[in-house]
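Residue 460 in the working numbering sits at position 9 of the sequence shown, with consecutive numbering throughout.
Virtual Cβ for every residue (Gly too), placed ideally from N, Cα, C.
Beneath this line is the structure, given in structure tokens, with notes to follow.
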Amino acid sequence: MNAAVAQKSHTVNSHVTSIIDGEGVKLGAKGTDIPVINPTNEETISQLREADAGEVDRAVKAARRAFDSGPWPHMDINDRKDILYSIRDHLRKHSEELAYLECLNVGLPLQSVRGHVQRMARNFEFFAEVASNVHGETYTQTKGYLTYVTREPKGVAALIAPWNAPLALASMRVATCIPWGNTCVLKPSEYTPLSIRRMVEIFHEAGLPPGVVNLVNGRGPVTGNALISHPDVDMVGFTGGTTTARSIAATAGRNLKPVALELGGKSANMIFDSASIDRALDGALAGIFGNNGQQCLAGSRILVHEKIAKQFIERFVARAQKIRLGDPLLATTEVGPLAFKAHLERVLSYVDVAKADGAKLLVGGKRAVDFGRGYFMEPTAVMAPANDSRVCQEEIFGPFATFLTFSSLNEAIQIANSSKFGLVSYVWSDDVNTVMRCSREIRAGTVWVNTPMMRELRAPFGGYRESGIGRDGPQASLEFFTELKSTIIPIDPPVLPKYGAA
Ligand code: NAD
């Protein structure tokens, strides 16, 4: 399907409720409702019924029961894998419906979201395969003893997801958690619950046993806090912002629960004079305007060698002015609206921050008013006065690029590393020494060379410094979501001390 998604075939329920033990929670007479807004036209499309502490408790208890006495953790791995593959197939079958809900609620362009939906299906397939290949260790060096080490699922996870790419990110959280036999309670962002509610329904249509994945909806300080503080939660997986992460890690720390944190970035996109400039230009535009600029891995600090800076930036600006803003449901749209009003206001506020810091506005900088309604912002770029300015140090999380220039490889690396974040980085150069120096010296979890945003599921993904703690990936997720157990058995009965026998 190339044009708009067939909207009429997908219904949106009047209320978004929790899913506990495989059942949608019935709408009670009382409760807090939060409007769910379509950012393209600012209309209310549904109401989120917030889960209070009691409802969160029921969801965690369902996950606990499914872990302690349900079939999931003890199931033959081939049966568990069949269910995870069935989830993959059902997600694919419903991909247009999920893409529609995501575009409607988040404003992400259809062309991006179709990619996300395919990836979420792949996540379940991939981690099912990884879990089915896990093996243990044996030790026989100590004479007379066999010691073997097995992996066991860790228990009940609280999984918290952000609003910028709900399907891609929440599915990653779930797909790295449940294949080992864990159960979970997922809380998506209160701004963007629509697609995730349907995703969890689809898990159950695909045959997932009740209680393995439970869903609660609501605001962070209410529903989220009740979830991460619950004593029956064994671990917390969080994707979101640094400020929230500090509070979540503090709560988890008080309760001695392990946390994995996937956080923000202010990633350097380094364009050397040895780069293929046309490709670097395409990559720089995709790196900051992809997913409406609302992506943790955005190449938001664009560092350009001074020899090529003038021409590169002129071409960037010319292309930014021609970006097709519009209805995210149209396959031709390149950038949609920002996800909600307060976020648009926050991103716009950085135009004044930039000006106050002495930055020069190169393009954009305003709300895009052509549409009459909707949280659209013009693709924006500024020339920053220095790397220590706020627009170079703070994550803006919108279609807002910040340019700086450099005169040497050393200076480029020094600027790239002068950040509290370290999620990803981009290097554009056809010179092998430049590439190798950047790969070795940049302090970030991923270095993309001459390519934007290629996600290799087999490799770990996560950040240095304030961009996170832990990684997603086969080995890293295995370490986080499983416990190790050593069993020690004597081959011949050992001689035992005979306390009190003499
Ligand atoms: P956020 O931190 O505001 O919220 C994330 C989630 O945490 C939401 O579900 C929210 O309701 C919940 N939350 C808030 N307060 C809470 C509390 N006290 N207890 C429990 N839960 C709470 O982040 P956001 O604005 O939704 O997302 C944007 C941020 O996420 C950006 O910083 C972005 O870079 C980051 N992000 C990181 C990655 C990654 O993989 N590294 C991916 C996507 C987004």
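Nearest-angstrom Cβ-Cβ length linking residue i and residue j, presumed shorter than 8 Å
i, j, result
"residue 918", "residue 849", "Rounded, the Cβ-Cβ distance is 18 Å, inconsistent with contact."
"residue 751", "residue 773", "Contact doesn't hold; Cβ gap of about 20 Å is too wide."
"residue 679", "residue 711", "Contact doesn't hold; Cβ gap of about 12 Å is too wide."
"residue 599", "residue 738", "About 47 Å; that fails the 8 Å criterion."
"residue 619", "residue 570", "6 Å"
"residue 635", "residue 625", "7 Å"
Segment limits, beta strand (DSSP E) that includes residue i
i, result
"residue 813", "811-814"
"residue 720", "719-722"
"residue 604", "596-604"
"residue 496", "494-500"
"residue 847", "First-last for residue 847: undefined, no H or E at that position."
"residue 752", "752-756"
"residue 969", "For residue 969 there is no data in the structure shown, the boundaries of the chain being 452 and 953."
"residue 834", "831-834"
"residue 638", "634-638"
"residue 664", "664-666"
For residue j and residue i, the rounded distance between their alpha carbons
i, j, result
"residue 667", "residue 473", "12 Å"
"residue 430", "residue 498", "This structure leaves residue 430 out entirely; the chain is present only between 452 and 953."
"residue 627", "residue 568", "16 Å"
"residue 665", "residue 875", "32 Å"
"residue 467", "residue 723", "49 Å"
"residue 828", "residue 817", "6 Å"
"residue 562", "residue 824", "22 Å"
"residue 832", "residue 854", "7 Å"
"residue 943", "residue 528", "33 Å"
"residue 559", "residue 616", "8 Å"
"residue 871", "residue 914", "11 Å"
"residue 663", "residue 537", "15 Å"
"residue 928", "residue 921", "9 Å"
"residue 912", "residue 768", "31 Å"
"residue 453", "residue 785", "In this predicted model, residue 453 has a pLDDT of only 45, less than 50, meaning its place in the structure is not dependable; the value taken from the coordinates is given anyway. The straight-line gap from Cα to Cα measures roughly 14 Å."
"residue 514", "residue 483", "24 Å"
"residue 756", "residue 858", "6 Å"
"residue 547", "residue 748", "25 Å"
"residue 940", "residue 791", "59 Å"
"residue 530", "residue 728", "50 Å"
"residue 910", "residue 532", "21 Å"
"residue 457", "residue 905", "Residue placement at residue 457 is flagged as unreliable, the pLDDT there being 45, under the threshold of 50; the coordinate-derived value follows with that caveat. Answer to the nearest angstrom: the Cα atoms are 29 Å apart."
"residue 574", "residue 638", "19 Å"
"residue 640", "residue 507", "15 Å"
"residue 459", "residue 672", "Summary for residue 459: the model assigns pLDDT 49, below 50, so the residue's position carries little reliability, and this model does not support an answer."
"residue 937", "residue 493", "56 Å"
"residue 557", "residue 699", "24 Å"
"residue 898", "residue 461", "39 Å"
"residue 895", "residue 685", "29 Å"
"residue 838", "residue 869", "8 Å"
"residue 901", "residue 805", "29 Å"
CB of residue i within 7 Å of CB of residue j, strictly
i, j, result
"residue 405", "residue 553", "What is shown of the chain runs 452 to 953, which leaves residue 405 out entirely."
"residue 545", "residue 653", "yes"
"residue 880", "residue 719", "no"
"residue 688", "residue 597", "no"
"residue 607", "residue 518", "yes"
"residue 604", "residue 632", "yes"
"residue 795", "residue 789", "yes"
"residue 539", "residue 572", "yes"
"residue 675", "residue 534", "no"
"residue 810", "residue 835", "yes"
"residue 771", "residue 830", "yes"
"residue 808", "residue 841", "yes"
"residue 579", "residue 630", "yes"
"residue 801", "residue 847", "yes"
"residue 734", "residue 715", "no"
"residue 490", "residue 826", "yes"
Extent of the continuous alpha helix (DSSP H) run through residue i
i, result
"residue 490", "It is not in any alpha helix (DSSP H) - residue 490 carries neither H nor E in the DSSP assignment."
"residue 925", "925-932"
"residue 646", "645-656"
"residue 481", "No alpha helix (DSSP H) holds residue 481; DSSP gives it neither H nor E."
"residue 619", "617-628"
"residue 742", "Premise fails: residue 742 is in no alpha helix (DSSP H) and is neither H nor E."
"residue 688", "No alpha helix (DSSP H) contains residue 688, which is instead part of the beta strand (DSSP E) from 686-690."
"residue 862", "860-868"
"residue 476", "Counting along the chain, residue 476 falls outside any alpha helix (DSSP H), and DSSP gives it neither H nor E."
Identity of the residues DSSP links to residue i by a beta bridge
i, result
"residue 917", "None; residue 917 has no bridge partner."
"residue 708", "None, per the DSSP bridge assignment."
"residue 879", "722"
"residue 956", "A question about residue 956 goes unanswered here, because the residues of the chain that appear run from 452 up to 953."
"residue 852", "832"
"residue 796", "Bridge partners of residue 796: none, in fact."
Cutoff 7 Å: residue i Cβ touching any chain D Cβ
i, result
"residue 528", "Structure shown: chain D not included; a single protein chain is present."
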